[in-house]
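Peer 1: Numbering (this note's numbering), first residue to last: 24 to 318.
1) Between the alpha carbons of residue 91 and residue 218, how many angstroms are there, rounded?
2) With a threshold of 8 Å, are at least 3 pairs of Cβ atoms found where one atom belongs to the region 124 to 138 and the other to the region 59 to 76?
3) In chain order, what residues of the same chain lie with their CB nearer than 7 Å to the CB of residue 104, ignoring the 5 residues before and after it?
4) Under 8 Å by Cβ, that's how I've got residue 200 and residue 152 pegged, so tell me the actual separation to the nearest angstrom.
5) Buried or exposed: residue 114, going by 16 or more other Cβ atoms within 10 Å of its Cβ?
6) Check whether the Cβ atoms of residue 226 and residue 245 sit closer than 8 Å, and answer yes or no.
7) Among 106, 140 and 78, whose alpha-carbon lies nearest the alpha-carbon of residue 258?
8) Under 8 Å by Cβ, that's how I've got residue 123 and residue 98 pegged, so tell me the actual separation to the nearest angstrom.
9) What span of residues does the beta strand (DSSP E) with residue 63 cover, start to end?
10) Could you tell me which uninterrupted beta strand (DSSP E) segments, each at least 3 residues in length, are contained entirely in the region 43 to 121, listed from first to last along the chain?
11) Residue 254 and residue 137 look like a contact to me (Cβ under 8 Å); what is the Cβ gap, rounded to whole Å?
12) Select from 243, 58, 305 and 249 the residue whose C-alpha is nearest the C-alpha of residue 207.
13) Figure out for me which residue from 285, 238, 305 and 291 has the closest Cα to the Cα of residue 272.
14) Measuring CB to CB, does residue 313 end up less than 8 Å from residue 282?
15) Return yes when the Cβ of residue 176 is within less than 8 Å of the Cβ of residue 286, no when it is not.
16) Helix, strand or coil for residue 201, going by three-state DSSP, please let me know.
17) I think residue 263 touches residue 236, with their Cβ atoms under 8 Å apart; what is that distance to the nearest whole Å?
18) Just the C-alpha distance for residue 224 and residue 157, rounded to the nearest angstrom, thanks.
19) Are residue 40 and residue 148 touching if we call contact CB-CB under 8 Å?
20) When DSSP labels each residue in this structure, what does residue 316 get in the three-state scheme?
21) Pick helix, strand or coil for residue 183, following the three-state DSSP scheme.
22) Pop quiz: residue 288 and residue 307 are said to be a contact at Cβ under 8 Å. What is the actual Cβ separation, rounded to whole angstroms?
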């Protein structure tokens, strides 16, 4: 057990040893908001949040397992001897994954890293488009409000015009396939300037690929239109499945993303997470950006 960690971490390591045969000194890995990950040699033990529905997690695992055959950078959970990829330990989902050497970007991505991330997303979308997963057990967090229904969990960003726009957009873009759901800089590992792994599939869902392209372009472009356009251009050059987005479409889909970020901020506060001054400043900057991006 790592000094200072909760007792359930030791229990998780015990299960990983018993069911997966994974043992050794543990190193806490960076990243993760609701979950925690520890490296044990060539493996990673991942502990999900208390109360996470294991049925949803298993759906996400079943999605990424075949994706690995088409996209080597997709990091998939390892089945234990009994075949399961997930077990519950003291109310928390525990899974074991292969360790991939690499690092998240600490600074603004270079032009080459931006293009590499966009190209990887394009290949990821092509791989996921070839799969035919069953319906997700329940909608992903990112889907709330996506199809035009007013989201009740972000009341300060109520916008009937955006709701109507989203409904019209999806009526005009019926193409759907599986998506990663959370393709940002914290979920991609780089080695020598090249993306080598896509992590954290908990928010995967089936939807229009344009939704994920807009969200990823905003994230990787630091919410600046210039870098976001560069990201989208590299994505399309690499053969991604999403259609091309004009500035209005990009802005409106990013506004949906910001509204979900706002809802997550309140969700985190509701479970007792403390927001420091930087987090509060970031939150308020996103609220302002939501209004600034209105077409």
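Glycine included, every Cβ here is placed at the ideal spot set by N, Cα and C.
Peer 2: This is what the structure holds:
1) Position 68 of the chain shown holds residue 91. Position 195 of the chain shown holds residue 218. Looking at the two C-alpha atoms, the distance is approximately 15 Å.
2) no
3) On the chain shown, position 81 is the one that residue 104 refers to. Within the same chain, residue 104 has close Cβ partners 42.
4) In the chain shown, residue 200 corresponds to position 177, counting from 1. In the chain shown, residue 152 corresponds to position 129, counting from 1. Rounded, the Cβ-Cβ distance is 4 Å, consistent with contact.
5) As a position in the chain shown, residue 114 is number 91, starting the count at 1. By the 10 Å Cβ count, residue 114 comes out exposed.
6) Here residue 226 is taken as the residue at index 203 of the chain shown, counted from 1. Here residue 245 is taken as the residue at index 222 of the chain shown, counted from 1. Taking 8 Å as the Cβ cut-off, residue 226 and residue 245 do not qualify as a contacting pair.
7) Indexing the chain shown from 1 puts residue 258 at position 235. Selected option, being the one with the closest Cα: 140.
8) Here residue 123 is taken as the residue at index 100 of the chain shown, counted from 1. Here residue 98 is taken as the residue at index 75 of the chain shown, counted from 1. Yes, residue 123 and residue 98 are in contact; Cβ-Cβ is about 6 Å, under 8 Å.
9) As a first step, residue 63 must be located in the chain shown, where it is residue number 40. Element bounds for residue 63: 59 to 63.
10) 59 to 63, 66 to 70, 110 to 112 and 115 to 121
11) As a position in the chain shown, residue 254 is number 231, starting the count at 1. As a position in the chain shown, residue 137 is number 114, starting the count at 1. About 6 Å separates the two Cβ atoms, so the contact holds.
12) The residue labelled residue 207 in the question sits at position 184 within the chain shown. For the set 243, 58, 305 and 249, the Cα lying nearest the Cα of residue 207 is the one of 243.
13) In the chain shown, residue 272 corresponds to position 249, counting from 1. Among 285, 238, 305 and 291, the Cα nearest to that of residue 272 is on 238.
14) As a first step, residue 313 must be located in the chain shown, where it is residue number 290. As a first step, residue 282 must be located in the chain shown, where it is residue number 259. Their beta carbons are under 8 Å apart, which means residue 313 touches residue 282 by this criterion.
15) Within the chain shown, the letter at position 263 stands for residue 286. Within the chain shown, the letter at position 153 stands for residue 176. In this structure, residue 176 lies closer than 8 Å to residue 286 by Cβ.
16) Translated into positions along the chain shown, residue 201 becomes position 178. In this structure, residue 201 counts as strand in the three-state DSSP scheme.
17) Numbered from 1 along the chain shown, position 240 holds the residue referred to as residue 263. Numbered from 1 along the chain shown, position 213 holds the residue referred to as residue 236. Rounded, the Cβ-Cβ distance is 7 Å, consistent with contact.
18) Position 201 of the chain shown holds residue 224. Position 134 of the chain shown holds residue 157. The straight-line gap from Cα to Cα measures roughly 16 Å.
19) Working through the chain shown from its first residue, we reach residue 40 at position 17. Working through the chain shown from its first residue, we reach residue 148 at position 125. Cβ distance not < 8 Å, so residue 40 and residue 148 don't count as in contact.
20) Position 293 of the chain shown, counted from the first residue, corresponds to residue 316. The answer is coil: DSSP assigns residue 316 none of H, G, I, E or B.
21) Position 160 of the chain shown, counted from the first residue, corresponds to residue 183. In this structure, residue 183 counts as helix in the three-state DSSP scheme.
22) Reading the chain shown from its first residue, position 265 is the one you call residue 288. Reading the chain shown from its first residue, position 284 is the one you call residue 307. Not quite, the Cβ-Cβ distance comes to about 10 Å (not below 8 Å), so this is no contact.
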